[in-house]
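Participant: Take this structure, written in structure tokens, and hold onto it; I'll ask about it next.
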Amino acid sequence: MSLPVLYTFRRCPYAMRARLALRYAAAEVEMREVALRAKPAELLAASSKGTVPVLVLPSGAVLAQSLDIMLWALAQADPDGWLQAAPWAAQAEWVQRNDIEFKPLLDRYKYPQRFPEASVEQHREAAIDLMLRPLEQALAGQVWLFGAQPSVADMALLPFIRQFAAVDAAWFEAAPLPALQAWLRAFVASELFQAMMRDRPAPWVAPSVCDA
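Reading the sequence shown from the start, the letters are residues 18 to 229 in my numbering.
Structure follows, in structure tokens:
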């Protein structure tokens, strides 16, 4: 294996944040799009949890957490200073809130039929109180979470906010969250995001082995 191999799924926000960092850092990797209903044995051999993203390095080391993949990419190159945009503790606090608390609420809002204990509106309000309103306050008067330049936290959160906004786009556009909406629009319009989303690989299939 001459290049790192990234097992990914195009629409997964965890995989999206990893791909954003890899593209930003111009890290050359082999992308392997995974069909989630037919996960390749190579992915499961690398990481028994069977979720994406997973980055397998030429050394054989495996990074099976999206944030670890982001940090690996930024160790290769960080031209705009994502890591230096704010102290790491402040950035990590946002990422942890997103991954540990907000993601379950996003799932409840996106798939309310699986969580009938509350209405769609109740799931949405819980997510607003936890994440969207604090983000709106943090973004007031500035382009990015920590000021004029993007951070790891911005790029780690934005794929999830994009997914939240897409559940009911009309509601999101009408919500009293102007700073958050502008933040998301700038991200979606960015060359980095557009370039990443232009990649539409077919699901990867391992080469067959056949004796002549």
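We put the CB at the ideal spot given by N, CA and C, even for glycine.
Using 7 angstroms as the threshold, is the C-beta distance between S65 and V71 below it?
Facilitator: As a working mapping, residue 65 is identified with position 48 in the sequence shown. As a working mapping, residue 71 is identified with position 54 in the sequence shown. Not closer than 7 angstroms, so no.
Participant: Run the CB neighbour count on A229, radius 10 Å, all protein chains shown included, and call it buried at 16 or more, exposed below.
Facilitator: Along the sequence shown, one-based indexing puts residue 229 at 212. Below a pLDDT of 50, predicted positions are generally treated as unreliable, and A229, at 40, falls in that range; the measurement from the model is reported next regardless. By the neighbour-count criterion, in which a residue is buried when 16 or more other Cβ atoms sit within 10 angstroms of its Cβ, A229 is exposed.
Participant: Given that a residue counts as buried once 16 or more other Cβ atoms are within 10 Å of its Cβ, and exposed if not, what is D171?
Facilitator: Here the question's residue 171 lines up with position 154 in the sequence shown. When all chains shown are included, D171 counts as buried.
Participant: By the three-class DSSP mapping on this structure, what secondary structure does V222 have?
Facilitator: Locating residue 222 in the sequence shown gives position 205, where the first residue counts as 1. Correct three-state label for V222: coil.
Participant: Fully enclosed by the stretch 175-225, which alpha helix (DSSP H) runs are 4 residues long or longer?
Facilitator: 186-191, 195-206, 208-215
Participant: If you compare alpha carbons, which of R150, S168, G164 is closest to Q198?
Facilitator: For the purposes of this step, residue 198 is identified with residue 181 of the sequence shown, where counting begins at 1. Per the Cα distances, R150.
Participant: Within a Cβ cutoff of 8 angstroms, which residues of the same chain sit near A58, ignoring the five residues on either side of it in sequence?
Facilitator: In the sequence shown, counting from the first residue as 1, residue 58 sits at position 41. The answer, listed in chain order, is A223.
Participant: Just the C-alpha distance for A24 and F189, rounded to the nearest angstrom, thanks.
Facilitator: As a position in the sequence shown, residue 24 is number 7, starting the count at 1. As a position in the sequence shown, residue 189 is number 172, starting the count at 1. A quick correction: the sequence has Tyr, not Ala, at residue 24. Their backbone Cα atoms lie some 31 angstroms apart in a straight line.
Participant: For the alpha helix (DSSP H) containing E110, name the first residue and the last one.
Facilitator: Numbered from 1 along the sequence shown, position 93 holds the residue referred to as residue 110. Looking at the DSSP string, the run of the alpha helix (DSSP H) that includes E110 is 105-113.
Participant: Along the chain, where does the alpha helix (DSSP H) that runs through E153 open and close?
Facilitator: What you label residue 153 is simply residue 136 of the sequence shown in a count that begins at 1. Segment 150-156, the alpha helix (DSSP H) holding E153.
Participant: Residues in the same chain with beta-carbon distance under 8 angstroms from V226, minus the five sequence neighbours each way, listed in chain order, please.
Facilitator: Position 209 of the sequence shown, counted from the start, is the residue given in the question as residue 226. With a pLDDT of 42 at V226, under the threshold of 50, the modelled position of that residue is not reliable, and the figure given next carries that caveat. Around V226: no qualifying Cβ.
Participant: Considering just the uninterrupted stretch of the beta strand (DSSP E) at L72, what are its terminal residues?
Facilitator: Within the sequence shown, the letter at position 55 stands for residue 72. It spans 71-73 - the beta strand (DSSP E) in which L72 sits, taken as one unbroken run.
Participant: Please say whether A102 and Q180 have beta carbons closer to each other than 7 angstroms?
Facilitator: Against the sequence shown, residue 180 aligns to sequence position 163. Against the sequence shown, residue 102 aligns to sequence position 85. No; because the gap between Cβ atoms is not below 7 angstroms, this pair is not in contact.
Participant: On the DSSP bridge list, what partners appear for L23?
Facilitator: Here the question's residue 23 lines up with position 6 in the sequence shown. Paired residue(s): M48, L72.
Participant: From this set, S76, L60, A55, which residue's C-alpha is nearest M48's C-alpha?
Facilitator: By one-based count along the sequence shown, residue 48 stands at place 31. For M48, the nearest C-alpha among the options comes from L60.
Participant: Mind checking who W161 pairs with in its DSSP beta bridge?
Facilitator: On the sequence shown, position 144 is the one that residue 161 refers to. Under DSSP, W161 takes part in a beta bridge, and its partners are G164.
Participant: Along the alpha helix (DSSP H) that carries K127, what are the first and last residues, could you check?
Facilitator: Indexing the sequence shown from 1 puts residue 127 at position 110. Residue range 120-127 is occupied by the alpha helix (DSSP H) that includes K127.
Participant: Compute the distance between the beta-carbons of V160 and Q108, then report whether it is under 7 angstroms.
Facilitator: In the sequence shown, counting from the first residue as 1, residue 160 sits at position 143. In the sequence shown, counting from the first residue as 1, residue 108 sits at position 91. Contact: no.
Participant: Can you tell which of A192, F119, F163 has its C-alpha closest to the C-alpha of W105?
Facilitator: Working through the sequence shown from its first residue, we reach residue 105 at position 88. Measuring from the Cα of W105, the nearest candidate turns out to be F163.
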